[in-house]
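What follows is one structure encoded as structure tokens, with my remarks underneath.
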Amino acid sequence: MFGAAYNDIEVDLENGTPKTTSIQSPKWNLTGLVRYEIPVGPGRVTRQYDIQHRSKHYFALTRLPTVTQKFYEVSNISVGWLDAEDRWMVTGFVNNLSDEEYLVQTFDLSGPSVFGMTEQSYGRPR
Numbered sequence: 780m781f782g783a784a785y786n787d788i789e790v791d792l793e794n795g796t797p798k799t800t801s802i803q804s805p806k807w808n809l810t811g812l813v814r815y816e817i818p819v820g821p822g823r824v825t826r827q828y829d830i831q832h833r834s835k836h837y838f839a840l841t842r843l844p845t846v847t848q849k850f851y852e853v854s855n856i857s858v859g860w861l862d863a864e865d866r867w868m869v870t871g872f873v874n875n876l877s878d879e880e881y882l883v884q885t886f887d888l889s890g891p892s893v894f895g896m897t898e899q900s901y902g903r904p905r
């Protein structure tokens, strides 16, 4: 399976503020998945690989470096066994195979009337 999404979004702000892009909207989002099953004895062995690529995107309209996520790719693999009746399954996973560090959310609290900091949440490591 393969999926692709392309966004071409501009946001017009008031009072002559330069145009920006929508938050959490990467220009490119690509996904792929390969799954293969092999009959073995009284069941099947499964193997799966998936990958996601997201291009650079922002978590706020300001486009400050602290709210910017550069492009990244995350891939996962799994190997499992299914019984012949599909009642029992045992699977082992390795998520975030390359141990990519990437942001999933950022809150910019750095304004003068706020806390003077940026809160960042990262995706799960391997």
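Position 40 (the sequence shown) corresponds to 819 in my numbering; numbering is contiguous.
Glycine included, every Cβ here is placed at the ideal spot set by N, Cα and C.
None of the values given here were measured: they were computed from a predicted structure.
For residue i, which residues from the same chain have a beta carbon less than 6 Å from its beta carbon, with the 5 sequence-adjacent residues on both sides left out?
| i | result |
| --- | --- |
| Ala835 | Correcting the residue identity first, residue 835 is Lys in this sequence and not Ala. The residues are Lys849, Phe850. |
| Val853 | Gln831, Asn875, Glu879 |
| Leu812 | Met780, Asp829 |
| Thr825 | Glu816, Gly859 |
Is residue i helix, strand or coil by DSSP?
| i | result |
| --- | --- |
| Pro805 | coil |
| Thr845 | helix |
May I ask you to list the residues that DSSP assigns as paired with residue i?
| i | result |
| --- | --- |
| Val813 | Tyr828 |
| Tyr785 | Trp807 |
| Ser877 | None, per the DSSP bridge assignment. |
| Ser854 | Ile830 |
Sorted by chain position, which residues of the same chain lie with C-beta nearer than 7 Å to residue i's C-beta, five sequence neighbours on each side aside?
| i | result |
| --- | --- |
| Gln899 | Leu882, Thr885 |
Tell me which residue opens and which closes the beta strand (DSSP E) that residue i is part of.
| i | result |
| --- | --- |
| Thr897 | 896 to 901 |
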